[in-house]
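Only one structure is covered here, and it is reproduced in the block below.
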Amino acid sequence: PQNFLPLHPFQNAPQVTTGRDESLAPWPRTKNIVSDQLCEYYGLVTHLDEQIGRVLKALQDSPHADNTIVVYTADHGLAMGSHGLLGKQNVYEQSMSCPLIMKGAGVPAGKQSNAFTYVHDLYATICDFAKVEYQDDVDAKSLLPVMAGTSDFVRASVFLPFQNNQRSIR
Numbered sequence: 282p283q284n285f286l287p288l289h290p291f292q293n294a295p296q297v298t299t300g301r302d303e304s305l306a307p308w309p310r311t312k313n314i315v316s317d318q319l320c321e322y323y324g325l326v327t328h329l330d331e332q333i334g335r336v337l338k339a340l341q342d343s344p345h346a347d348n349t350i351v352v353y354t355a356d357h358g359l360a361m362g363s364h365g366l367l368g369k370q371n372v373y374e375q376s377m378s379c380p381l382i383m384k385g386a387g388v389p390a391g392k393q394s395n396a397f398t399y400v401h402d403l404y405a406t407i408c409d410f411a412k413v414e415y416q417d418d419v420d421a422k423s424l425l426p427v428m429a430g431t432s433d434f435v436r437a438s439v440f441l442p443f444q445n446n447q448r449s450i451r
């Protein structure tokens with residue numbers, strides 16, 4: 282039968298289907314379209330891994346490895362086919378989560394957490410690592426308690442808006 286629902290079924294925001302990332306492939310999204318997008322995405326991730334490896338190797342070979350912390354993060358994740366979407370212009374789980382990877386002196390190796398955090402929490406976290414005082418009026422929470430295993434979280438919830446018409450509270 283004819284597909285009467287060629288677009289995303291939840292029109293909760295116009296940019297969900299018209300945003301930059303969603304213009305990368307035609308609608309409706311087929312298995313082949315999503316597979317091609319995933320191949321490109323994984324290729325980019327592999328390239329990025331290689332480049333980060335080069336940076337870490339150069340740091341290891343330098344005299345600065347013992348007093349440097351490397352932080353890798355991103356602004357949002359990509360849907361990559363989930364919910365028929367490719368990009369990040371939504372508040373579904375795949376787009377709300379983002380990587381936060383830290384390596385360096387004092388950073389516990391292999392520690393993983395699903396604790397809620399904001400990117401600006403890195404301010405307090407890095408200040409704590411460097412033993413530098415930071416302003417109390419800044420809404421940043423150090424992640425050191427989570428990293429040290431003394432707490433499972435530093436925030437009980439997070440608020441995630443997108444433009445003026447999508448909101449998520451977790």
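Basically our numbering = 1-based index in the sequence shown + 281.
C-beta atoms are modelled at their ideal positions from N, C-alpha and C, and glycine is treated no differently.
DSSP three-state assignment for residue i, whether helix, strand or coil
i, result
"Leu447", "According to the sequence provided, residue 447 is Gln. The question's Leu does not apply to it. DSSP places Gln447 in strand when its eight states are reduced to three."
"Phe410", "helix"
"Leu367", "coil"
"Pro307", "coil"
"Arg335", "helix"
"Val372", "coil"
"Lys392", "coil"
"Ala429", "helix"
"Ser378", "coil"
"Ala437", "coil"
"His328", "helix"
"Ser316", "helix"
"Tyr399", "coil"
"Tyr415", "coil"
"Asp302", "helix"
"Asp347", "helix"
Span of the beta strand (DSSP E), counted from its first residue to its last, around residue i
i, result
"Met383", "Leu381 to Gly385"
"Tyr353", "Ile350 to Thr354"
Span separating the alpha-carbon of residue i from that of residue j
i, j, result
"Met428", "Lys392", "7 Å"
"Pro426", "Ser432", "5 Å"
"Pro389", "Gln444", "36 Å"
"Gln318", "Val352", "27 Å"
"Val336", "Trp308", "39 Å"
"Val372", "Leu359", "11 Å"
"Ala346", "Gln416", "28 Å"
"Ile314", "Leu325", "17 Å"
"Tyr322", "His364", "17 Å"
Residue i beta carbon near the ligand ZN (any heavy atom closer than 7 Å)
i, result
"Asn371", "For the structure depicted, the ligand ZN is absent and the ligand set is empty, with no information on it obtainable."
Residues that residue i bridges to, as DSSP identifies them
i, result
"Pro442", "Arg448"
Residue interval of the alpha helix (DSSP H) (run including residue i)
i, result
"Met361", "Neither: Met361 is in no alpha helix (DSSP H) and is coded neither H nor E."
"Lys422", "Here Lys422 belongs to no alpha helix (DSSP H), and DSSP marks it neither H nor E."
Residue i and residue j closer than 8 Å at C-beta
i, j, result
"Met361", "Ser449", "no"
"Arg436", "Phe397", "yes"
"Leu305", "Leu367", "yes"
"Leu381", "Thr354", "yes"
"Ala386", "Ala405", "no"
"Cys379", "Asp402", "no"
"Asp302", "Gln375", "no"
"Ile333", "Met383", "no"
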